[in-house]
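In this text, residue positions in the sequence shown follow my numbering: the first is 1, and each later residue adds one. Structure, as C-alpha cells:
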Amino acid sequence: MKLLSTDIAHIALKPILIRQIQEAIRLSKEIIRRDKVSDLSCKGYLSKDIEQPQTVPLNRINRGTSEIEYVSAIALKLSRLPGESVDVVQTIDAQTISAYLTNSIKAVGDKAIVHQPLSDALWRNFTVKVVPSGWIHLQLSDLGLASWLQILTERSIRLGDRLRQKNVHENDNQLLRNATRLFELQYAHARCCSQIYLAQQVGLLSLSKNSSECSFSEFQLESVLTPKPFPWLDSRQLLRFQHPAEHKLISQLVATVDTLSDAPSQRSILKVGENLSQNFIKFHAACRVFAEIKTAEPELAQARLGLVLATQAVLKALLEEGLDVCAPMKL
C-alpha cells in the first residue's frame, strides 16, 4: 500500500503557529471594532502589518533537547506600531493574544481527533505561556511531538507548486558546483533506506506482505504495517529518547520541515539538507538499532527506526521536489 501524501504546509509547525497567531489578532480586531474602542483603518493596522506570514515574529528556541518550543514577540511588535491609540495597544496585548490561542487549543481539543485536519491534530498539543517581558511561548507536548513524528512516517511530503515553480528558474550550475554537498544528502537518504530494509528483514518492522521476500534491489518503501504507531512514548507518556544525537536529529527534522514550508531558495535547501544529513549520520553512528538494543530494548530500537523513516521522508521530499534530483535507495 502506497503512502498517503500531504502538503508540507499542513505539517510544518511554524506556519501552523503563525496562522493561529494571525487568527487570534483578527478576532481581537473584530472585538475592538465591535466595542468601538478605536478606528482601526489608519495605517492598515492589523492588516498589512501581519497579513503575511513573514511579518509575524516567531522563532524556535533550541535548547539542545527534544523540547519543541517557539517564542513570539508579536505583542511587542504591535505595541510599537506608529500612530496607534493607547486603547488599541492596551487592548491587544500578550495576555489577550495568549487567551485567544489557549481558547483555540481547547476548542480543537474538545473535538474528535479522528476527523481533524493534520494541522488541528498538532495544534491541540501545544501549550501557551506569557512571560513578564511580553513574549509568548508556545510549546509542543511530548504527545504532540510523537504525533508529528508519526505523521512523517505515514505520509509522503509534497512541497507544493510554489517551491517547484520558484526553483525551476534557478541555475542548475549551482547544484553542479555543490555536487559534494548534494552527494552527502543522497548518501544519507540511501543509508536510511538500507536501515529500513534491514529492519524489516530482522522483524523490527513490516512494510508490506511481500517486502520481506524482496532483495534490496527490488525493495520498495511502502506503508508501515507494524509497529503502528511507533513506540515514541514510554509508560509515562514521555518521549523515550535520551541520547543527545536523538534530540539533535529531532530538532533538525523540525527545522528542516519549517524551512521547506517557506519556499526557500536552492541554496537554503542545500544548507538545511546538509544539516539534516549530518545530524542523521551522527545519530546513525551513536544510536544503535540492531545487535543488543534489538533484544534488550526492542521499543527503543523501533522508536529509533521511526526517526530513520521520518528522516528518509523529509530527505526524499527535499531531494526530489526541492532540488529536482533523485533520492537514491542505494549508492
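Glycine residues also receive a C-beta, built at the ideal position from the N, C-alpha and C atoms.
Residues near residue i in its chain [Cβ-Cβ closer than 6 Å; skip 5 each side]
i           : result
residue 158 : 5 and 7
residue 299 : 231
residue 186 : 328
residue 321 : 159
residue 152 : 310 and 313
residue 11  : 118 and 151
residue 134 : 75, 76 and 94
residue 19  : none
residue 26  : none
Local Cβ density within 10 Å of residue i, reported as buried at 16 or more and exposed below that
i           : result
residue 15  : buried
residue 224 : buried
residue 258 : buried
residue 183 : exposed
residue 246 : buried
residue 272 : buried
residue 31  : exposed
residue 146 : buried
residue 285 : exposed
residue 64  : exposed
residue 235 : exposed
residue 256 : buried
Proximal residues to residue i (C-beta, below 8 Å), its chain only, five neighbours per side dropped
i           : result
residue 105 : 123, 124, 126, 127 and 128
residue 316 : 156, 157, 189 and 327
residue 289 : 195, 199, 204, 301, 304, 305 and 308
residue 274 : 181, 184 and 185
Under 9 Å between C-beta atoms of residue i and residue j
i           : j           : result
residue 21  : residue 101 : yes
residue 108 : residue 116 : yes
residue 253 : residue 323 : no
residue 72  : residue 113 : no
residue 160 : residue 291 : no
residue 150 : residue 229 : yes
residue 92  : residue 29  : yes
residue 283 : residue 66  : no
residue 269 : residue 318 : yes
residue 70  : residue 139 : yes
residue 62  : residue 251 : yes
residue 276 : residue 154 : no
residue 206 : residue 226 : yes
residue 330 : residue 202 : no
Span of the beta strand (DSSP E), counted from its first residue to its last, around residue i
i           : result
residue 156 : 155-158
residue 283 : Per DSSP, residue 283 belongs to no beta strand (DSSP E); it is in the alpha helix (DSSP H), 266-286.
residue 108 : That residue, residue 108, is in no beta strand (DSSP E); its alpha helix (DSSP H) goes 94-109.
residue 136 : 136-140
residue 129 : 126-130
residue 6   : 4-7
Closer than 8 Å: residue i CB and nearest the ligand PLP heavy atom
i           : result
residue 122 : Within the structure as shown, the ligand PLP is missing, as the structure has no ligands at all.
Endpoints, the alpha helix (DSSP H) within which residue i is located
i           : result
residue 119 : 118-123
residue 331 : Unbroken run through residue 331: none, as it is neither H nor E.
residue 248 : 244-260
residue 61  : From DSSP, residue 61 is part of no alpha helix (DSSP H) but of the beta strand (DSSP E) over 59-61.
residue 319 : Element bounds for residue 319: n/a, residue is neither H nor E.
residue 202 : Where residue 202 is concerned, there is no enclosing alpha helix (DSSP H), given that its DSSP letter is neither H nor E.
residue 79  : 74-79
residue 55  : Careful: residue 55 lies outside any alpha helix (DSSP H) and carries neither H nor E.
residue 294 : 291-296
Distance between beta carbons of residue j and residue i, contact taken as under 8 Å
i           : j           : result
residue 260 : residue 279 : The pair is not a contact, with the Cβ atoms about 15 Å apart (cut-off 8 Å).
residue 243 : residue 192 : Rounded, the Cβ-Cβ distance is 18 Å, inconsistent with contact.
residue 68  : residue 17  : The pair is not a contact, with the Cβ atoms about 11 Å apart (cut-off 8 Å).
Neighbourhood of residue i by C-beta distance below 7 Å, restricted to the same chain and skipping five residues each side
i           : result
residue 142 : 233, 237, 238 and 239
residue 57  : 72, 73, 74 and 77
residue 131 : 137
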